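Student: For the numbering used here, count along the sequence shown from 1 and bump the result up by 85. All residues carry an ideal CB built from backbone N, CA and C; glycine is no exception. All figures in this text were calculated on a predicted structure; none of them were measured in a lab.
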Amino acid sequence: MIIIESHIIPPDVPKARFLDYSVGIIKSLNSRTSIKKAIKRGALLLDDKEASGGEWLKPGQKITLIDREDKPPKPYDLRLDIIYEDDDLAVIRKPAGISVSGNKYRTIQNALLANLKTSDKPDALRWPRPVHRLDYGTSGLLLVAKTRPAIAALGEQFEKRLVKKRYAAIVVGRIDDEGIITKKVNEKEAVTKFHRLRTVPSVYTDWLSLVELFPETGRTHQIRIHMAGTGHPVLGDDKYGMEFKLLKHKGLFLAAVGLDFQHPATGKALALRLDIPYKFYKRLETEQKRWEKFN
């Protein structure tokens, strides 16, 4: 166990609950949500013990933020495309068909060790950590923190919706030119804007559309749920688009191609971009030719 930060409650503090008091006091966690998650996973302790966020505090008690990831990732030999890197963070191109993290050996988290340079900063993390998630089948830009301040600051930017994300996808059907979807995901607010780039006829689904997607919130599977909810699921989605024919061994046609955020150390605005994957254009071309052949 490694102690990241600790705080002793002074005698003159007004009565407060553990969760409420910790917000703003624990500098490594810059949002209420991050504090809540740390309490839930047992990383934020009260008098060296796990406690609920609703527990009332007393003067003299100690609040400690610890690092519970005692075992380092197991190095996985996978060459990653590094889009940007410095001592504070990195942005890599995540391949489709691999998880960001989890109990599996074949993860991006395990592959980062052999691909990124070690940070020389005194507050460096013991190993680099992804700041957000991309689905197993989704490719594209993934943000990774190398220091404790970076992971806290970037997490706060995600929390405050300051990170702007752009995705590209092929969806089933002829979708509107543009629009905004506000359907809740798991009973939470969720907003996705979209813009159609191209549509081609398809023998199997009548039409396929290439779209740009701009999620303003970050709910799990948000884009896939929103697209399926409009009747235009992402091509290759085996969870939300099952009523449509899947393309065997072609995967999910969803990619994170844009990421805008503020550098946590310098404050500089960073805008990173990837080209829409070649396989997206190839699929549209193939569908167009097949339709012309049979019509």
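Please list, in chain order, all residues of the same chain as GLN373 whose beta carbon is under 6 Å from its beta carbon, the five residues on each side excluded.
Tutor: VAL285
Student: Where GLY44 and ILE265 are concerned, what is the direct C-alpha to C-alpha distance, given to the nearest angstrom?
Tutor: Absent from the structure is residue 44, since the part of the chain shown begins at 86 and ends at 380.
Student: What did DSSP end up calling PHE243 once you bin it into helix, strand or coil?
Tutor: Helix at PHE243.
Student: Can you list, in chain order, the residues of its chain with a C-beta nearer than 7 Å to that of VAL257? Leave out the 5 residues immediately preceding and following it.
Tutor: THR290, LEU293, HIS317, PRO318, LEU320, GLY326 and PHE329
Student: Need the endpoints of the beta strand (DSSP E) that GLU377 sits in, please.
Tutor: Not the beta strand (DSSP E): GLU377 falls in the alpha helix (DSSP H), residues 363-379.
Student: On the CB-based measure, 16 or more other CB atoms within 10 Å of its CB, does SER137 come out buried or exposed?
Tutor: By the Cβ-count criterion, SER137 is exposed, with fewer than 16 other Cβ atoms from all chains shown falling within 10 Å of its own Cβ.
Student: Output the residue ranges of the beta strand (DSSP E) runs that lie fully inside the stretch 141-209 and measure 3 residues or longer, sorted by chain position.
Tutor: 147-152, 166-170 and 174-179
Student: Can you name, in chain order, every residue of its own chain whose Cβ lies under 6 Å from the Cβ of GLY31, other than the five neighbours on each side?
Tutor: Coverage of the chain is limited to positions 86 through 380, which leaves residue 31 absent and any answer about it impossible.
Student: Compare the C-alpha of GLN146 against each of ASP133, GLU272, ALA354 and ALA238 and name the closest.
Tutor: ASP133
Student: Do the CB positions of ILE89 and ILE151 come within less than 9 Å of each other?
Tutor: yes
Student: What is the residue span of the alpha helix (DSSP H) that ILE308 lies within?
Tutor: 307-314
Student: Rounded C-beta distance between SER204 and THR232? I'm assuming under 8 Å.
Tutor: 6 Å
Student: Spatial neighbours of GLU301 within its chain, please: CB distance less than 8 Å, with the 5 preceding and 5 following residues excluded, ordered by chain position.
Tutor: Answer for GLU301: ARG246, VAL276, THR277 and LYS278, listed in chain order.
Student: Cα separation between ALA181 and PRO95?
Tutor: 50 Å
Student: Would you tell me roughly how many angstroms separate the C-alpha atoms of ILE183 and LYS333, rounded to the nearest one?
Tutor: 17 Å
Student: ARG309 to LYS125, Cα distance in whole Å?
Tutor: 28 Å
Student: Quick check on SER137: does DSSP put it in helix, strand or coil?
Tutor: coil
Student: If ILE120 and LEU131 are in contact, beta carbons under 8 Å, what's the gap, nearest whole angstrom?
Tutor: For a cut-off of 8 Å, the C-beta gap from ILE120 to LEU131 is around 12 Å, too long to register as a contact.
Student: Assuming the contact rule is C-beta atoms closer than 8 Å, SER198 and PRO160 should be a hit. Round their C-beta distance to whole Å, please.
Tutor: It should be noted that the sequence gives Leu, not Ser, for residue 198. At roughly 5 Å, the Cβ-Cβ gap stays under 8 Å, so LEU198 and PRO160 are in contact.
Student: With a threshold of 7 Å on Cβ separation, who are the neighbours of GLU274 within its own chain once the five nearest residues in sequence on each side are excluded?
Tutor: Setting aside the 5 residues that flank it on each side, GLU274 is surrounded in the same chain by THR302, each with a C-beta closer than 7 Å to its C-beta; the list follows chain order.
Student: Hey, LEU344 and LEU357 are a contact pair by Cβ (cut 8 Å); roughly how many whole angstroms apart?
Tutor: So it is a contact: roughly 5 Å between Cβ atoms.
Student: Pull up the distance between the alpha-carbon of ILE93 and that of SER186, whole angstroms please.
Tutor: 34 Å
Student: Around the C-beta of VAL98, are 16 or more other C-beta atoms found within 10 angstroms, so that it is buried, or is it exposed?
Tutor: exposed
Student: Give me the residue from GLY240, ALA196 and ILE255 with the minimum Cα distance to VAL248.
Tutor: VAL248 has its Cα closest to that of GLY240, out of GLY240, ALA196 and ILE255.
Student: Given a threshold of 16 other Cβ atoms within 10 Å of its Cβ, counted over all protein chains shown, does ASP173 qualify as buried or as exposed?
Tutor: buried
Student: Hey, would you say PRO298 sits closer than 9 Å to ALA253, going by beta carbons?
Tutor: Per the sequence presented here, residue 298 reads as Leu, with Pro not at that position. Yes, the pair counts as a contact, with Cβ atoms nearer than the cut-off.
Student: Looking at LEU174 and the ligand ATP, is the gap between the Cβ and the nearest heavy atom below 8 Å?
Tutor: Questions concerning the ligand ATP fall outside what the structure shown contains, since it holds no ligand whatsoever.
Student: Name the DSSP bridge partner or partners of HIS286?
Tutor: Inspection of the sequence shows that residue 286 is occupied by Pro rather than by His. According to DSSP, PRO286 bridges with TRP292.
Student: Taking the alpha-carbon positions, what's the LEU295 to GLN307 distance?
Tutor: Just so you know, the alpha carbons of LEU295 and GLN307 end up roughly 18 Å apart.
Student: Any idea which residues DSSP pairs PRO300 with across the strands?
Tutor: THR277
Student: Helix or strand or just coil, what does DSSP make of ARG117?
Tutor: helix
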